[in-house]
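Encoded as structure tokens, the structure appears first; notes follow it.
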Amino acid sequence: MAINNKTPIDLSGINVGIIMDGNGRWAKKNHLNVSKGHEQGVETVRQIVERAAKAQLESLSLYAFSTENWSRPKNEILGIKKLIISAINSQVPDLVEQKISLNFFGDFLSFGPKVIQAIEKAQKDTQFNEPNLQLNIALGYGGRADIIQATKLIAEDIMNGNLSTDKISDSTIFDYLSAPIEELDLLIRTGGDHRISNFLLYHLAYTEIQFIETLWPDFNEEEFKSCLQKFLKTERRFGARNI
Ligand code: IPE
Ligand code: IPE
Ligand code: MG
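887 is the number that the working numbering gives to position 128 of the sequence shown; each next residue is one higher, with no gaps.
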């Protein structure tokens, strides 16, 4: 969606992504175990999702666990698995109340049967025809892995005659990628680092990117609101000349 300075404050149709980084450093700063950092991070998710629905965003895509995060200590991963289940149990009723559709993407099958079961039930319980917000959680997601699986599927479809090479366009690629969005309008990364860490690589072509110093558990509604306001003031040129 093209936005300029004259665009009124209206975030409908806007797709926002967040790289929720800084849980570990927040825990360290507060002399707590890393699992407490992740727990506090879940509380931030609840607040930000509520604000996103109120702001009438089209979608909010949250990076919760990357393909590279499997290299973390076993204990931390075990804690994250438990936290996913408890977060789903505690937050799904609120999502239903707010008419928010929840959708997970990435290789969440690698998280085992308990997590899979919780995810499948949560997705089933939160499907609305006209949701107030599409909430997407990237779990076991990697932008490169997504491009690789899309490439394989495209190659198969070409080989079995379901797709012709001259018909491949931007939208074909989006169709084959597993992430449930197309263009991402705004990406926010908390935690002070200026990198993408293998999030939605193909979708970021013209995304506005905001790097925020605040650690994810300290991020709040006010700060999120100012990110959205800053985004609305940005002139997006998409390569065109405007002067
Ligand atoms: C983000 O916080 C959560 C995950 C990647 C699962 P981190 O755990 O990466 O926090 P820092 O970067 O170590 O502070
Ligand atoms: C990015 O954070 C992934 C998520 C927030 C899920 P990381 O902490 O894994 O990223 P790096 O290692 O600092 O690049
Ligand atoms: Mg990190």
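C-beta: ideal position from N, C-alpha, C; glycine also.
With distances taken between CA atoms, Ser794 lies nearest to Pro832 out of Pro832, Arg995, Ala812, Ile906. Under the three-pair Cβ rule at 8 Å, the segment 781-791 counts as touching the segment 964-981. With contacts defined by Cβ atoms closer than 8 Å, Glu942 and Tyr961 do not form a contacting pair. Asn774 sits buried, since 16 or more C-beta atoms from the chains shown fall within 10 Å of its C-beta. Shown here, Gln857 sits in coil according to DSSP, grouped into three states, outside any helix or strand.
Taken in chain order, the complete beta strand (DSSP E) segments of 3 or more residues contained in the segment 764-817 are 774-778.
Excluding the 5 residues flanking it on each side, Ile875 has same chain C-beta neighbours closer than 8 Å at Phe867, Leu868, in chain order. Note on geometry: alpha-carbon atoms of Asp780 and Asn888 lie some 32 Å from one another. Just so you know, the alpha carbons of Ala909 and Ser937 end up roughly 8 Å apart. Taken in chain order, the complete alpha helix (DSSP H) segments of 4 or more residues contained in the segment 917-981 are 929-935.
Here Leu898 is not near Phe978, since their CB atoms are 8 Å or more apart. Contact check for Phe864 against Tyr900 passes: the beta carbons are separated by less than 8 Å. Considered as a whole, the segment 829-881 harbours 833-856 as its complete alpha helix (DSSP H) runs of no fewer than 4 residues, in chain order. Here Leu821 is not near Leu861, since their CB atoms are 8 Å or more apart. Rounded to whole angstroms, Gln988 and Ala881 show a C-alpha spacing of 31 Å. DSSP places Phe983 within a helical segment (H, G or I) once states are collapsed to three. With a beta-carbon spacing of about 16 Å, Arg903 and Ile778 fall beyond the 8 Å limit used to define contacts.
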